[in-house]
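Residue numbers (this note's numbering), protein chains in the order written: chain C, 1 to 98; chain P, 1001 to 1140.
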């Protein structure tokens, strides 16, 4: 997994590529932890995300909870396979997916 | 004639072995035609079950897990069985999480097993001769 981050004033965009699983989710969690300061708009670009397990979902949920307190969050470019996972787990109702 | 292939891997029940386990399963399934989406779903189910065993089966001690992959054709199916000597634990006994709750109320626990249940067609658990035997099958 690679994370590409782009910050523009209060807007932070994180492009996550590859696999978000038990092995890689802690890296994203850590990146987020050190990036929240001053962020009012968080965007996940999942165009190149191939795989997500419950460990990855946990990080997205935690990010959503944080952003509910300090701004907004959205998830973009979700492929069909990942979308199905969001739907099955009810994450399609929790997350703002565009 | 219907043919079955059986592969077996023994690893430490340790999350650091996850990539090893997933690589093994993918290699086994690579011996038949499997759509990429089904492959991803099987991967997720395997990850969730293996990580669960790695976290809970032996608490602080180390122990092994045997992973068997059975590939069948006519009808095409993959069956993956996890066997460990750890504490008795039936992952299917836990109630499903409420997936309709809001982000605020949502707890993440149980989602992994829930996804395994959704993505696989047939799951079973038994405690046999001091071993946890958990099997899951996906029809292809």
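Even for Gly, the Cβ is constructed at its ideal location relative to N, Cα and C.
Under the DSSP assignment, residue 93/C falls in the alpha helix (DSSP H) whose first and last residues are 91 to 94. Sequence-ordered contacts of the segment 1040 to 1073 of chain P with chain C read 1040, 1043, 1044, 1047, 1048 and 1051 [C-beta pairs closer than 8 Å]. Take residue 21/C, set aside five residues on each side of it, and the residues of its chain with a beta-carbon closer than 7 Å to its own are 51, 53, 55 and 56, in chain order. Of the candidates 92/C, 26/C, 16/C and 66/C, the residue whose Cα lies closest to the Cα of residue 45/C is 16/C. Bounds of the alpha helix (DSSP H) holding residue 56/C are 54 to 70. Three or more beta-carbon pairs separated by less than 8 Å are not found between the segment 1124 to 1140 of chain P and the segment 1106 to 1113 of chain P, which leaves the two stretches without contact. The straight-line gap separating the alpha-carbon atoms of residue 72/C and residue 49/C is approximately 21 Å. Listed along the chain, the chain C residues whose CB falls inside 7 Å of the CB of residue 1099/P are 89 and 90. Going by DSSP, residue 1131/P is part of the beta strand (DSSP E) stretching over 1131 to 1139. Residue-level contact by beta carbon fails for residue 1124/P and chain C, as no gap is shorter than 8 Å.
Taking residue 1029/P as the centre and dropping the five residues before and after it, the same chain places the C-beta of 1039, 1042, 1069, 1071 and 1078 closer than 8 Å to its C-beta, in chain order. Taking CB atoms only, residue 77/C has no neighbour in chain P less than 8 Å away. Residue 1084/P has its alpha-carbon roughly 5 Å from the corresponding atom of residue 1065/P. A Cβ-Cβ contact shorter than 8 Å links residue 40/C with residue 70/C. Under the three-state reduction of DSSP, residue 49/C is assigned to strand. Closest in C-alpha terms to residue 1086/P, from the list 1098/P, 1052/P, 1093/P and 1076/P, comes 1052/P. Proximity of chain P to residue 21/C at the Cβ level (cut-off 7 Å) is accounted for by 1047, in chain order. Membership of residue 1068/P in the beta strand (DSSP E) is indicated by the continuous run 1064 to 1072.
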